[in-house]
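If you're matching positions, the sequence shown starts at 1 in the UniProt record's numbering and goes up one per residue.
Quick reminder that beta carbons are idealized off the backbone N, C-alpha and C, glycines included.
Please read all numbers here as calculations on a predicted model, not as lab measurements.
What follows is a single structure, written as structure tokens, with notes after it.
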Amino acid sequence: MRPVINASGVVLHTNLGRAPLSDAAIKAVTNVARGYCNLEMDLDSGERGERYSHVEKLLCELTGAEAALVVNNNAGAVLLALHALAREKEVVVARGELVEIGGSFRIPEVMAQSGAVLREVGTTNRTYPRDYERAVGTDTALFLKVHPSNFRVVGFTREVMRRELVEVGRRHQIPVMEDLGSGVFVDLQQYGIDPEPTVQETLAAGIDIVTVSGDKLLGGPQAGIILGRAEMVQLLKEDPLLRALRIDKMTLAALEATLRAYLQEDVQKKSPCSAHAFHNCSRAGEKGCGIEGSADRHTQKL
1 MRPVINASGV
11 VLHTNLGRAP
21 LSDAAIKAVT
31 NVARGYCNLE
41 MDLDSGERGE
51 RYSHVEKLLC
61 ELTGAEAALV
71 VNNNAGAVLL
81 ALHALAREKE
91 VVVARGELVE
101 IGGSFRIPEV
111 MAQSGAVLRE
121 VGTTNRTYPR
131 DYERAVGTDT
141 ALFLKVHPSN
151 FRVVGFTREV
161 MRRELVEVGR
171 RHQIPVMEDL
181 GSGVFVDLQQ
191 YGIDPEPTVQ
201 ETLAAGIDIV
211 TVSGDKLLGG
221 PQAGIILGRA
231 EMVQLLKEDP
241 LLRALRIDKM
251 TLAALEATLR
261 AYLQEDVQKK
271 SPCSAHAFHN
281 CSRAGEKGCG
291 IEGSADRHTQ
301 KL
């Protein structure tokens, strides 16, 4: 590999490596890569520790989740969650949310690999809470909601809102999982960017398990971040599949540094792909083209 100039107009370009890391994240990776580190060592007790402890507390503090886990990417996070929570059981999902993203990642195919059984409800453009209600049976293990981050269905549409789905799930004692995909941790509207559901508001709505990417809107390394109820995250930690999906010390170091920047409230100034940096870049480009003010007048898209 070698560095390239991103002149595509797409800030988070999959083919160009997605989010560039901040200086703090790069420094953290260098520090652990050049020698030994306490990856799985509790320095206080001298006993073996857990690698995920380096970021779990930070993620919980940032999002309000009870527990957290990190794997190698978001597809892995979805695969692990479905395998641990719904293997050989039914997962109910709206037909309009059976998405495909780049690289042929298709929700139905991932579900099949996990061992879960797909149960479609609703239609392409309209789904109601009663559709989920009618699908509940003795084999129902999970309700799955998938955020359509790369397309929109407009016109005569009806989507089941998070709180509606959570209400149905609670009524039938069925947990609800949502794949948020890009994973927003800040309100984008303050930068004139179309709103996306944040991780915090998704968890606050009562979703039991949320999965997001680390290298998209978070601005960190490639990772699949799993957040939610402690007892459910624990089931994922105990699943043998986790070992095949676990992240290494360099990914953990970069993610830890990225999360600390969010907690210190300086991520918008220091991350190279933050909304703040994107807005400044847009304004600089407009100035060079003699069209100043466009970034302030029009909604920008990542």
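Residue burial classification, residue i (beta-carbon count within 10 angstroms, cutoff 16)
i	result
His298	A caution first: His298 carries a pLDDT of 44, below 50, which makes its placement in the model unreliable, though a value can still be read off. His298 comes out exposed.
Phe151	exposed
Leu21	buried
Pro221	buried
Pro3	exposed
Asp194	exposed
Tyr36	exposed
Leu43	exposed
Ala7	exposed
Thr14	exposed
Gly214	buried
Lys301	Note that Lys301 scores a pLDDT of 45, beneath 50, so its modelled location is shaky; the value from the coordinates is reported in the next line. By the 10 Å Cβ count, Lys301 comes out exposed.
Gly46	exposed
Ser149	buried
Val154	exposed
Asn38	exposed
Spatially closest choice to residue i from the options, by CA coordinates
i	options	result
Phe156	Thr123, Ala28, Val184	Thr123
Gly64	Val210, Glu238, Thr251	Val210
residue 305	Thr140, Val160, Met1, Ala24	Because residue 305 is not part of the residues shown, which for the chain are 1 to 302, the question remains open.
Asp139	Ala116, Glu164, His54, Pro197	Ala116
Arg126	Ile107, Glu159, Val99, Glu109	Glu159
Ala67	Lys57, Gly76, Asn74	Lys57
Lys145	Glu88, Glu120, Arg134	Glu120
Thr30	Met161, Arg260, Leu252, Ala75	Leu252
Met177	Glu61, Val212, Arg34	Val212
Asp131	Val92, Leu62, Ala77, Leu245	Val92
Local conformation of residue i per DSSP, three classes
i	result
Ile101	strand
Lys27	helix
Glu231	helix
Met1	coil
Thr299	Since pLDDT at Thr299 reaches only 43, below the 50 mark, its modelled position is unreliable, and no value is offered.
Gly183	coil
Leu21	coil
Ser53	helix
Gly96	helix
residue 308	Residue numbering for the chain in the displayed model covers 1 to 302; residue 308 lies beyond these limits and cannot be assessed.
Contact belief for residue i with residue j at Cβ below 8 angstroms, rounded distance in angstroms
i	j	result
Ala19	Gly219	5 angstroms
residue 321	Ile226	Shown here, the chain extends from 1 to 302; a query on residue 321 therefore has no answer.
Val32	Met250	6 angstroms
Ala254	Ala28	6 angstroms
Ala84	Asp239	4 angstroms
Pro108	Leu118	6 angstroms
Gly181	Asn72	Not confirmed; about 16 angstroms, so no contact.
Residue interval of the alpha helix (DSSP H) (run including residue i)
i	result
Asp131	129–135
Met250	249–263
Ala112	107–114
Arg126	Per DSSP, Arg126 belongs to no alpha helix (DSSP H) and is neither H nor E.
Short CB-CB distance (under 8 angstroms) between residue i and chain B
i	result
Pro108	Checking the listed chains, one finds no chain B in this structure; it contains a single protein chain.
Any non-hydrogen atom of the ligand MN closer than 7 angstroms to residue i Cβ
i	result
Ile193	Among the components modelled here there is no ligand, and therefore nothing to report on the ligand MN.
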